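Residue numbers (my numbering): 43 to 629.
Don't be surprised by glycine CBs; every beta carbon is placed ideally from N, CA and C.
Treat the numbers as computed from the prediction; the structure is a model and nothing was measured.
Contents: one structure, followed by commentary.
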Amino acid sequence: MSQAEDIESVDEDGVIESVSGPVVTATDLDARMNDVVYVGDEGLMGEVIEIEGNLTTIQVYEETSGVSPGEPVQNTGEPLSVDLGPGMMDSIYDGVQRPLDVLEDKMGTAFLDRGVDAPGIDLEKKWEFEPTVEEGDTVEPGDAVGVVEETVTIDHKVMVPPDYEGGEVTSIEHGEFTVEETVAELSSGEEIQMHQEWPVREARPAGDKETPTEPLVTGQRVQDGLFPLAKGGTAAIPGPFGSGKTVTQQQLAKWSDADIVVYIGCGERGNEMTEVIEDFPELPDPQTGNPLMARTCLIANTSNMPVAARESCIYTGITIAEYYRDMGYDVALMADSTSRWAEAMREISSRLEEMPGEEGYPAYLAASLSEFYERAGKFQLINGGEGSISVVGAVSPPGGDFSEPVTQNTLRIVKTFWALDADLAERRHFPSINWNESYSLYKDQLDPWWESNVADDWAAVRQWAVDVLDEEDELQEIVQLVGKDALPEDQQLTMEVARYIREAWLQQNALHDVDTYCEPEKTYRMLGAIKTFNDEAFEALEAGVPVEEIQDVDAAPRLNRMGTAEEWGEFIDEIENDLEDQLRALY
Ligand code: ADP
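Written out as structure tokens, the structure reads:
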């Protein structure tokens, strides 16, 4: 956020009329909707959210205790914006893009003091600007004029802002500059710096959305294997407390093959976010070996931070994501959790005394959620290129009840649904993604990618696994009534195969060095080995071998160790050979 504007220069002050938590009303303020204002003697940052006659309603991004009627309100005349430029990677921001480390240095504490302002990107740091155009070239909005090595991993394209006219390049620099210095001039008279501002509530312009055809490879078997997400797709992770939402989101942030990760910790407990903030900077990026933070931007708005800043953090995050999308990157945005965001909307709405909708949420809850997810997609860019934003939102329904409004409204929008299950989590089956309730509407459009990049029978093998799990689900009811031994032998064997699919394949330990990430080839080979067991076992059964003997072959339990095997190729070859030998030896 750049509040370079000198507050003193705005001479038309309004006056605070009332203060109700994060909502303040003021009279005599000359303002437009969404203008950023400074509230009270301390100059707390806020945003205009309603204007009625002479009365302006403001949501304040900081704690308002002690702020009193009669104190002044000053308008900046600017909408709530983010500052976009090099330096955002490897940064940790609060909900209005104030860098937490810079503020920490200023305040000497991890908590932000009120009225403290800091620009979203370092205005003094010099970056090496490498031009990619020459004088005389013509550039249009969205085109790059140069590039900056933002981090070891990310080349940051310096683009003509989307609201510029563009034109012929009349001068272009080369060398070290701050983000505020001009690096290119155009015949239109426009000057280009390495940063640009963009109002957070407005989607950055892009061309048409395309049908996504590439998966966001997550390295998580249940997700890649059964419920894949597309690059440019939307997904929700609903789950009760303790079911693994945060671990799942963090796994995606660490392992998915996105170029850029924007991770929004929204309203969760402070200690969980602290874990992320402490963990992430230590982690290596599996794609490059560089620090993971070199391609990550964290936005932290914990439950002890003011509620209005929680409302805005989602918009700050998605705008940053759009900016990197505009450079042609595949961006993955995780929001943990959208329920806390919706609760922030509910609180502000109730302070505004708006007519409440279902369970007290504002009537525009569905619209706000869909506006947010709508900003995901695989886009044609205004410069002719392509870029994508995949959005994954965690939902934390109270008591794990998926019928509540946030889960239900999210379900109508997203196309991938990873339903976390308290029972599975309790049984320590992780990730606790329930295979009966979850779905992905991208499966069909992504199959050609898996088939040409991993294995040409990818979809067929997956379907086989789904069928076995379905059959197990049906048999389970009978087993509960009469016990497993009462089943015919072939059904007992199906139950055994299903158990391996669940335990050896769907379960994956995020805390194990090797198992934490599973490349698509390994996901495929592991399921293939279980299918080998299935095929060989049924052959044996048909040849008259009793099911107990089949289950007892000693190669079978080794299927459970495939996930943690480092040399998995050899390990799986060996198991498959042994299964064949041992099962065939029985008849
Ligand atoms: P939530 O965010 O839904 O409250 P967490 O993500 O904090 O839940 O997960 C709770 C606990 O479950 C974790 O501390 C971890 O022990 C365990 N857990 C969750 N997912 C996994 C996983 N994929 N592998 C291993 N353990 C997991």
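| query | result |
| --- | --- |
| Bridge partners - residue 66, DSSP secondary structure assignment | 61 and 100 |
| Residue 142 beta carbon near the ligand ADP (any heavy atom closer than 6 angstroms) | no |
| Proximity test, residue 285 beta-carbon vs the ligand NAP heavy atom, cut-off 6 angstroms | Among the ligands in the structure shown, the ligand NAP does not appear; only the ligand ADP can be found there. |
| Local conformation of residue 439 per DSSP, three classes | coil |
| Given 8 angstroms, three or more beta-carbon pairs between the segment 503-516 and the segment 564-571 | yes |
| Minimum C-alpha distance to residue 619 - residue among 381, 598 and 184 | 598 |
| Distance, residue 525 Cα to residue 302 Cα | 50 angstroms |
| Short Cβ contact (7 angstroms threshold) for residue 625 with residue 582 | yes |
| Residue 288 CB to nearest heavy atom of the ligand ADP below 6 angstroms | yes |
| Closer than 6 angstroms: residue 439 CB and nearest the ligand ADP heavy atom | no |
| Buried versus exposed call for residue 555 [16 or more other C-beta atoms within 10 Å across all chains shown] | exposed |
| Sufficient close CB pairs (3 or more, under 8 angstroms) joining the segment 229-240 to the segment 253-270 | no |
| Check: residue 552 C-beta below 6 angstroms from any heavy atom of the ligand ADP | yes |
| Inter-stretch contact (C-beta, 8 angstroms, three-pair minimum) for the segment 344-357 and the segment 111-120 | no |
| Straight-line gap, residue 198 to residue 67 (C-alpha atoms, nearest Å) | 41 angstroms |
| 8 angstroms contact criterion, which residue 122 and residue 76 should meet: CB distance rounded | 6 angstroms |
| Which listed residue (531, 547, 436 and 176) has its alpha carbon closest to that of residue 310 | 436 |
| Sub-7 angstroms separation of residue 628 and residue 587 beta-carbons | yes |
| Check whether residue 194 and residue 336 have beta carbons under 7 angstroms apart | yes |
| Cβ shell of residue 489 (< 7 angstroms), same chain only, five flanking positions each side left out | 500 and 501 |
| Range of the contiguous alpha helix (DSSP H) that encloses residue 414 | 407-416 |
| Proximity below 7 angstroms, CB of residue 166 to CB of residue 211 | no |
| Of the residues 614, 409 and 161, the one placed nearest residue 130, counting alpha carbons only | 161 |
| Residue from 409, 549, 246 and 318 with nearest C-alpha to residue 429 | 246 |
| Between the CA atoms of residue 192 and residue 214 - distance to the nearest angstrom | 19 angstroms |
| Contact under 7 angstroms by Cβ, residue 270 with residue 484 | yes |
| Other residues of its chain near residue 220: CB distance less than 7 angstroms, five sequence neighbours each side excluded | 165, 166, 167 and 168 |
| Candidates 128, 63 and 163: closest to residue 138 by CA position | 163 |
| Cβ shell of residue 548 (< 6 angstroms), same chain only, five flanking positions each side left out | 264 |
| Expected contact under 8 angstroms - CB spacing of residue 376 and residue 487 to nearest Å | The pair is not a contact, with the Cβ atoms about 22 angstroms apart (cut-off 8 angstroms). |
| As assigned by DSSP and simplified to three states, the class of residue 305 | strand |
| Residue 473 CB to nearest heavy atom of the ligand ADP below 6 angstroms | yes |
| Unbroken alpha helix (DSSP H) run spanning residue 490, endpoints | 485-495 |
| Which of helix, strand or coil DSSP assigns to residue 457 | coil |
| Proximity of residue 438 and residue 458 at Cβ, strictly below 7 angstroms | no |
| Residues that DSSP places opposite residue 339 in a beta bridge | 133 and 304 |
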